[in-house]
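Undergrad:
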Amino acid sequence: MKRVFLAFGAIAMLSLTSCKENAASKINTANVSDAAERDEAAKLVPVMTFDKQEHDFGTIDQGTPQETVFAFTNTGNGPLIITDAKSSCGCTIPEYPKNKAIAPGEKGEMIVKFNGSGQNQVTKTVTVTANTEKGSELIRIKAFVNPKNGGPQAAGPTVVE
Numbered sequence: 008m009k010r011v012f013l014a015f016g017a018i019a020m021l022s023l024t025s026c027k028e029n030a031a032s033k034i035n036t037a038n039v040s041d042a043a044e045r046d047e048a049a050k051l052v053p054v055m056t057f058d059k060q061e062h063d064f065g066t067i068d069q070g071t072p073q074e075t076v077f078a079f080t081n082t083g084n085g086p087l088i089i090t091d092a093k094s095s096c097g098c099t100i101p102e103y104p105k106n107k108a109i110a111p112g113e114k115g116e117m118i119v120k121f122n123g124s125g126q127n128q129v130t131k132t133v134t135v136t137a138n139t140e141k142g143s144e145l146i147r148i149k150a151f152v153n154p155k156n157g158g159p160q161a162a163g164p165t166v167v168e
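Be aware that the sequence shown starts at 8, since it is given in the numbering used here, and climbs by one per residue.
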């Protein structure tokens, strides 16, 4: 048992004394400046600020296509890049500047098209994936869709003359 302790002690002494080389001499100054630049670039974060988060088309007839524009501004300090935009269903289609860098202070537009499907109160969301701190933003459209051909309508305000 003493031999095991002596062996471990000798190994520990060798490892502690062999690490006494000057570690500062092994630092590559080019790597330090590259790391500093990378750290500064990481601080440049884009922020996607929409003029509105939701658009209400009001009351529409079923099957009547609708379209709205969601304007946005890059209010951050780094270039904004939208990589994807997906709607909650196939009846809503977003059009956007995909993979185009939007500089800080610049504006952009996302067009959202809705085909007017569904009945009664309809709400759809669009998830925008971008290089922002959160990684994604949500915008919404909504409408009250009246059925086609004078079918039964949902209870709503009634006008009596």
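Glycine is no exception: its CB is placed at the ideal position from the N, C-alpha and C atoms.
1) Going by DSSP in three states, residue 55 sits in which element: helix, strand or coil?
2) Do residue 112 and residue 202 have their beta-carbon atoms positioned less than 9 angstroms apart in this structure?
3) Take residue 99 and list the residues in its own chain whose beta-carbon comes closer than 6 angstroms to its own, dropping the five residues that flank it on each side.
4) Quick check on the DSSP output: the beta strand (DSSP E) that includes residue 127 runs from which residue to which?
5) Can you give the beta carbon distance from residue 83 to residue 54, rounded, assuming they're within the 8 angstroms contact cut?
6) Rounded to a whole number of angstroms, what is the C-alpha to C-alpha distance between residue 65 and residue 77?
7) Three-state secondary structure (DSSP) at residue 16?
8) For residue 151, which three-state DSSP category applies?
9) When you compare the CB positions of residue 118 and residue 62, do they come within less than 9 angstroms of one another, or not?
TA: According to the structure data:
1) If DSSP states are grouped into helix, strand and coil, residue 55 belongs with the strands.
2) The chain is shown only over 8 to 168; residue 202 falls outside these bounds and no answer can be derived.
3) Exclusion of the five residues before and after residue 99 leaves 121, 131 as the residues of its chain whose Cβ lies within less than 6 angstroms of its Cβ.
4) Counting along the chain, the beta strand (DSSP E) containing residue 127 begins and ends at 127–137.
5) About 4 angstroms separates the CB atoms of residue 83 and residue 54; that is less than 8 angstroms, so the two are in contact.
6) It is roughly 17 angstroms from the alpha-carbon of residue 65 to the alpha-carbon of residue 77.
7) In the structure shown, residue 16 falls within a helical segment according to DSSP collapsed to helix, strand and coil.
8) It is a strand residue.
9) Against a cut-off of 9 angstroms, the Cβ pair of residue 62 and residue 118 comes out as no contact.
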